[in-house]
Ligand code: 5GP
Ligand code: ZN
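Numbering (the working numbering), first residue to last: 887 to 1022.
Printed below as a string of structure tokens:
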């Protein structure tokens, strides 16, 4: 897609620190390096987000996420990972080309936070469940 930064990296039109590449996808270092080895896995074809991408590409990308994470674990000695995809602006997506973040973790207080607030006392769990499960 024109003017898409990740399409340009995926098609070698602009440089990236590419750690994995095949016909369907590519993994390259995120410029921000939230933690050392912060990597993005992207499909070569332009899809906006995880709900748009085809199943074959999506499942292949998850294999690549695992492969690259193993490499980071071995070579950078990461102790754990957060694998994240942000979908749409409301969820913090800034580049509208589907990507999965691989965020290596070396210590819990490294500044990266994925916080899940406990709202269990405020919500109607059964009501939410019924809404999700209702047939259209
Ligand atoms: P999002 O916020 O959409 O989930 O993540 C976008 C990520 O892309 C950010 O972490 C940002 O640092 C990274 N990024 C943005 N522009 C570039 C770029 O030109 N090259 C690389 N390697 N990463 C980029
Ligand atoms: Zn794109």
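We put the beta carbon where it would ideally sit given N, CA and C, even for glycine. Here the structure is a predicted model, which means the values were calculated and not measured.
In this structure, residue 983 and residue 911 do not form a Cβ contact; the two beta carbons are roughly 12 Å apart against a cut-off of 8 Å. In the displayed model, residue 967 falls within a strand according to three-state DSSP. Sequence-distant Cβ neighbours of residue 943 in its own chain, meaning closer than 6 Å and more than five residues away, are 910 and 929. When DSSP reads this structure, residue 906 sits in a beta bridge with 913. Of the heavy atoms belonging to the ligand ZN, none sits nearer than 7 Å to the Cβ of residue 985. One alpha carbon belongs to residue 962, the other to residue 956, and they sit about 10 Å apart. Within 7 Å of the C-beta of residue 893 there is at least one heavy atom belonging to the ligand ZN. For residue 890, the CB falls within less than 7 Å of some heavy atom of the ligand ZN. For the pair residue 896 and residue 971, the Cα-to-Cα distance works out to about 18 Å.
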